[in-house]
Structure formats: C-alpha cells, structure tokens
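Novice: Be aware that the sequence shown starts at 32, since it is given in this note's numbering, and climbs by one per residue.
Sharing a structure below in structure tokens format, with a few things to ask.
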Amino acid sequence: MSAQRPPTYPPPHAPGLSAVLERNIQALQARRKREEVEATLQDRIADRVTRFTGSMRFVYLHLILFGGWILINLGWLPIVRPWDPSFVVLAMIASVEAIFLSTFVLISQNRMAAVSDKRADLDLQISLLAEHEVTKLVTLISAIADHLGVETEVDAELDVIRQDVAPDAVLDEIEATQAKDRPE
32 MSAQRPPTYP PPHAPGLSAV LERNIQALQA RRKREEVEAT LQDRIADRVT RFTGSMRFVY
92 LHLILFGGWI LINLGWLPIV RPWDPSFVVL AMIASVEAIF LSTFVLISQN RMAAVSDKRA
152 DLDLQISLLA EHEVTKLVTL ISAIADHLGV ETEVDAELDV IRQDVAPDAV LDEIEATQAK
212 DRPE
C-alpha cells in the first residue's frame with residue numbers, strides 16, 4: 032500500500048503562525064531576494080543612493096559641508112580664505128545635486144511602483160479566486176440545503192450570490208459612476 036499525503040498541512044508545532052502563513056512568508060521573502068538579485072546595476076545604484084540620501088548621515092554630511100562653506104565664505108572662520116563670497120558656486124552645486132538626487136529618487140519610486148503594481152495584480156487575482164471559490168461553496172451548500180429541505184431567509188438572494196462576479200463589468204460600472212461624479 033502506497034503512502035498517501037494527507038489533504039491538509041499538519042498544525043504548527045508551537046503556538047503562533049500557521050504552517051500556511053510560514054510557507055507564504057518564506058515564499059515572499061525568497062521572491063523579494065530573487066528580485067533584489069535580478070535588479071539591474073542601475074536600479075541597485077539608484078536604490079543605494081536613495082537610501083543614503085534619505086539617511087541622517089547625509090543630513091550631517093551636508094550640515095558640515097554646506098555649513099562650513101557658508102561660515103568660511105562669510106569670513107567667520109579665518110582658517111581658510113573665502114573663495115565664494117556671493118555663494119554662486121554653492122548654489123550651483125546644490126542645484127546640480129538636487130537634479131541628480133531627484134532623478135535617483137524617481138528611478139527608485141518607479142521601481143517600487145512596478146513592484147506595487149505586481150502585488151496589486153496578485154491581490155486582485157487572489158480576491159477573484161476567493162470570490163469564485165465562495166460562489167462555488169454557496170452553490171454546494173445551497174444544493175445540500177435543498178436536498179435536506181432546509182429553507183432560509185436568504186433563499187431569494189441565492190440566485191444572485193451563485194453567479195461569479197465579472198470584474199470587467201464591475202470596473203466599467205465604477206468608471207461610469209466616477210464619470211458621473213466628475214465636474215465638467
């Protein structure tokens with residue numbers, strides 16, 4: 032006699048997360064690591080620059096550099112002769128830095144938006160699958176209730192509940208409702 036796998040997962044050994052949750056967390060972590068490894072060099076550079084520029088070390092570095100620049104060029108620190116008393120060079124450096132930093136941030140945000148879009152698609156697919164499964168369960172339970180002669184107050188709604196939701200029709204209705212609400 033061949034050993035057959037049970038139809039369910041065994042319960043977790045210790046109180047806490049279920050085996051399904053642990054498996055899902057591990058799968059998502061593995062996916063995230065794979066996506067990090069597969070990221071292009073440009074994406075990794077942009078992420079590192081964005082991570083650094085969003086840190087307090089970056090703020091402290093700028094306080095020291097720009098603060099020192101300003102103090103020296105105002106003549107308040109006589110250790111070095113002022114070289115930019117009008118601060119034109121400092122303004123140009125800050126402007127060029129802002130251009131590059133905003134570009135790095137946009138690159139990182141675009142990548143994060145793509146990941147978010149994938150997760151939203153996954154959420155939608157799981158929701159549609161769950162809705163389909165619930166519809167099938169309603170149909171099955173309704174058939175069992177009919178077989179047993181059980182009547183409930185929701186019998187009138189069952190014909191509607193037994194139908195699968197058409198996501199494109201729902202989106203069309205949402206868009207039509209939003210179009211009505213928009214001022215022209």
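For each residue, glycine too, the CB sits at the ideal point set by N, CA and C.
(1) Using only alpha-carbon positions, find the residue among 108, 104, 123 and 121 that is nearest to residue 114.
(2) DSSP three-state label for residue 157, please.
(3) Do residue 199 and residue 166 have their CB atoms nearer than 8 Å?
(4) Use the C-beta contact count for residue 197: other C-beta atoms within 10 angstroms, 16 or more gives buried, fewer gives exposed.
(5) Please list the segments of the alpha helix (DSSP H) lying wholly inside the stretch 128–194, counting only runs of 4 or more residues, in order along the chain.
(6) Apart from the five residues on each side of it in sequence, which residues of its chain come closer than 7 Å, Cβ to Cβ, to residue 83?
(7) Can you tell me the Cα-Cα spacing of residue 125 and residue 75, whole angstroms?
(8) Taking the alpha helix (DSSP H) that residue 53 falls in, what are its first and last residues?
(9) Does the beta-carbon of residue 100 have 16 or more other beta-carbons within 10 angstroms, so that it is buried, or is it exposed?
(10) Check whether the Cβ atoms of residue 81 and residue 147 sit closer than 8 Å, and answer yes or no.
(11) Count the other CB atoms within 10 Å of the CB of residue 131; is the residue buried (16 or more) or exposed (fewer)?
(12) If I follow the unbroken alpha helix (DSSP H) through residue 99, where does it start and stop?
(13) Can you find the residues in the same chain that come closer than 6 Å, C-beta to C-beta, to residue 64, ignoring five residues on each side of it along the sequence?
(14) On the three-state DSSP scale, how would you describe residue 109?
(15) Given that a residue counts as buried once 16 or more other Cβ atoms are within 10 Å of its Cβ, and exposed if not, what is residue 145?
(16) Who are the near neighbours of residue 48 in its chain, counting only those whose CB is closer than 6 Å to its CB and skipping five residues on each side?
(17) May I have the straight-line CA-CA distance separating residue 87 from residue 93, to the nearest angstrom?
(18) Have a look at residue 91 and residue 162 and give me their C-alpha separation to the nearest angstrom.
(19) Could you tell me whether the Cβ atoms of residue 169 and residue 192 are closer together than 8 Å?
Specialist: Here's the rundown:
(1) Of the listed residues, the one whose Cα sits closest to residue 114 is 104.
(2) Annotated three-state conformation of residue 157 is helix, per DSSP.
(3) No, the pair does not count as a contact, with Cβ atoms beyond the cut-off.
(4) Exposed, by the Cβ-count rule.
(5) With a minimum length of 4 residues, the continuous alpha helix (DSSP H) runs that stay inside the stretch 128–194 are 189–192.
(6) By the criterion of a C-beta distance shorter than 7 Å, residue 83 is surrounded in its chain by 89, once the five residues flanking it on both sides are discounted.
(7) Near 24 Å, if we compare the C-alpha coordinates of residue 75 and residue 125.
(8) Unbroken alpha helix (DSSP H) run through residue 53: 50–69.
(9) Residue 100 is buried by the Cβ-count criterion.
(10) No, they are not a contact pair.
(11) The residue in question, residue 131, is exposed, as its Cβ has fewer than 16 Cβ neighbours within 10 Å.
(12) Unbroken alpha helix (DSSP H) run through residue 99: 87–104.
(13) Excluding sequence neighbours, residue 64 sits near nothing in its chain.
(14) DSSP places residue 109 outside both helix and strand once states are collapsed to three, so it counts as coil.
(15) Exposed, by the Cβ-count rule.
(16) Nothing meets the Cβ criterion.
(17) For residue 87 and residue 93, the gap between their C-alpha atoms comes out near 10 Å.
(18) Their backbone Cα atoms lie some 52 Å apart in a straight line.
(19) The criterion of a C-beta distance shorter than 8 Å is satisfied by residue 169 and residue 192.
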